[in-house]
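>
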Amino acid sequence: MEQLLAQQVLPYVDKHYWLPLYSMGAFATQREEQLGYRPTAGNQGRIGALREPLPCWSAFTEGHATAEGKLSACCFDAKATWTMGDLNNVSFMEAWNSASFVKLRSAHLNRDVRGTVCESCVAYG
-16 MEQLLAQQVL PYVDKHYWLP LYSMGAFATQ REEQLGYRPT AGNQGRIGAL
34 REPLPCWSAF TEGHATAEGK LSACCFDAKA TWTMGDLNNV SFMEAWNSAS
84 FVKLRSAHLN RDVRGTVCES CVAYG
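When the letters of the sequence shown are read in order and numbered with our numbering, they come out as residues -16 to 108.
1) So the candidates are His(-1), Glu16 and Ala42; which of them puts its Cα closest to the Cα of Ala90?
2) With DSSP run on the structure shown, which of helix, strand or coil describes Thr99?
3) Where Met(-16) and His(-1) are concerned, what is the direct C-alpha to C-alpha distance, given to the nearest angstrom?
4) Work out the CA separation of Trp40 and Asp95 for me, nearest whole Å.
5) For a test of the three-state rule: what should DSSP assign to Ala48, helix, strand or coil?
6) Rounding to the nearest angstrom, what Cα-Cα distance links Val100 and Leu(-7) in this structure?
7) Could you check where the alpha helix (DSSP H) with Met76 kicks off and where it finishes?
8) Please work out which residues of its chain come closer than 7 Å, Cβ to Cβ, to Ala48, disregarding the five sequence neighbours upstream and downstream, and give them in chain order.
9) Looking at the strands, I want to know which residues DSSP matches up with Asp60.
10) Compute the Euclidean distance between the alpha carbons of Arg88 and Asn72, then round it to the nearest angstrom.
11) Do you know how far the Cα of Asp(-3) is from the Cα of Glu102?
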């Protein structure tokens, strides 16, 4: 990987950092089972600056729009499973501050995501 980075990435970027091996959610589970590994739990950030998985920083700091125009609660949401709002019908700010997203963030702050869309995250399964 380092040779690939040195030749094809580093000459063209200002900053590079390593991430732990994450599950990419909906599409990766079968492949993970085939390969026999369990990825890093939760969305803990980058190597050298890891965070606790709860509260998930991503739910508070980043918007994740799907190709279909849904605002998802998670960057690993490949199937728009964790939709917090439909950006085709509401503004980003309406979806970002929706009752469902506020409730989800509250669960994260309480470090108890049982009963939420985040309950099935690899960190808590």
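Just so it is clear, CB atoms sit at the ideal spot from N, CA and C, and this is done for glycine as well.
Looking at the coordinates:
1) Ala42
2) coil
3) 13 Å
4) Cα to Cα, Asp95 sits roughly 14 Å from Trp40.
5) strand
6) 37 Å
7) Residues Phe75 to Trp79.
8) Leu54 and Leu70
9) Per DSSP, none; premise fails for Asp60.
10) 22 Å
11) Looking at the two C-alpha atoms, the distance is approximately 36 Å.
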